[in-house]
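Our numbering applies: residue 595 is where the sequence shown begins, and numbers increase by one. This report concerns only the one structure given below.
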Amino acid sequence: MNIQYQTEKTCAHLIDIQIDGDIVTGVCFTGGCSGNAQGVSALAKNRPVCEVVELLRGIDCGGKGTSCPDQLARALQKEAVGSIC
Numbered sequence: 595m596n597i598q599y600q601t602e603k604t605c606a607h608l609i610d611i612q613i614d615g616d617i618v619t620g621v622c623f624t625g626g627c628s629g630n631a632q633g634v635s636a637l638a639k640n641r642p643v644c645e646v647v648e649l650l651r652g653i654d655c656g657g658k659g660t661s662c663p664d665q666l667a668r669a670l671q672k673e674a675v676g677s678i679c
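Shown next as structure tokens:
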């Protein structure tokens with residue numbers, strides 16, 4: 595499954611997510627801080643979707659009420675969790 599998610603209130607504006615079964619196999623952020631995006635992507639790779647959501651949901655950046663990691667969790671929750679978790 596491939597998900598393209600338009601983010602809100604973050605420097606990154608798009609997240610491309612690949613899922614195989616219940617495992618996140620790839621994450622690519624467009625825009626935002628390259629180092630942080632690469633770090634979050636590497637940490638999410640090869641983890642179960644539900645685990646990634648649990649780890650990243652609710653992380654805040656600069657008082658915005660969300661962050662790039664939180665947006666990844668929201669994308670997974672919206673598009674994949676219902677059919678996996």
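C-beta atoms are modelled at their ideal positions from N, C-alpha and C, and glycine is treated no differently. Predicted model only: the values in this text are computed from it and were never measured.
Per DSSP, cross-strand counterpart(s) of residue i
i      : result
Val621 : Ile611
Ile653 : Ile653 pairs with nothing; no bridge assigned.
Ala606 : Gly625
Residue of the options minimising C-alpha distance to residue i
i      : options                           : result
Glu648 : Thr604, Phe623 and Leu666         : Leu666
Pro663 : Asp616, Met595 and Leu608         : Leu608
Thr619 : Ala606, Ile597, Ile653 and Cys627 : Ile597
Phe623 : Val646, Asp616 and Ala631         : Ala631
Thr601 : Asp616, Gly625, Gln612 and Ile617 : Gly625
Residue i versus residue j: straight-line alpha-carbon distance, rounded
i      : j      : result
Lys603 : Lys658 : 7 angstroms
Ser661 : Gln671 : 15 angstroms
Val621 : Ile613 : 9 angstroms
heavy atom of the ligand SAH below 7 angstroms from residue i C-beta
i      : result
Leu650 : No copy of the ligand SAH occurs in the structure displayed, which carries no ligand at all.
Segment limits, beta strand (DSSP E) that includes residue i
i      : result
Gln600 : Asn596 to Gln600
Extent of the continuous alpha helix (DSSP H) to which residue i belongs
i      : result
Asp616 : Unbroken run through Asp616: none, as it is neither H nor E.
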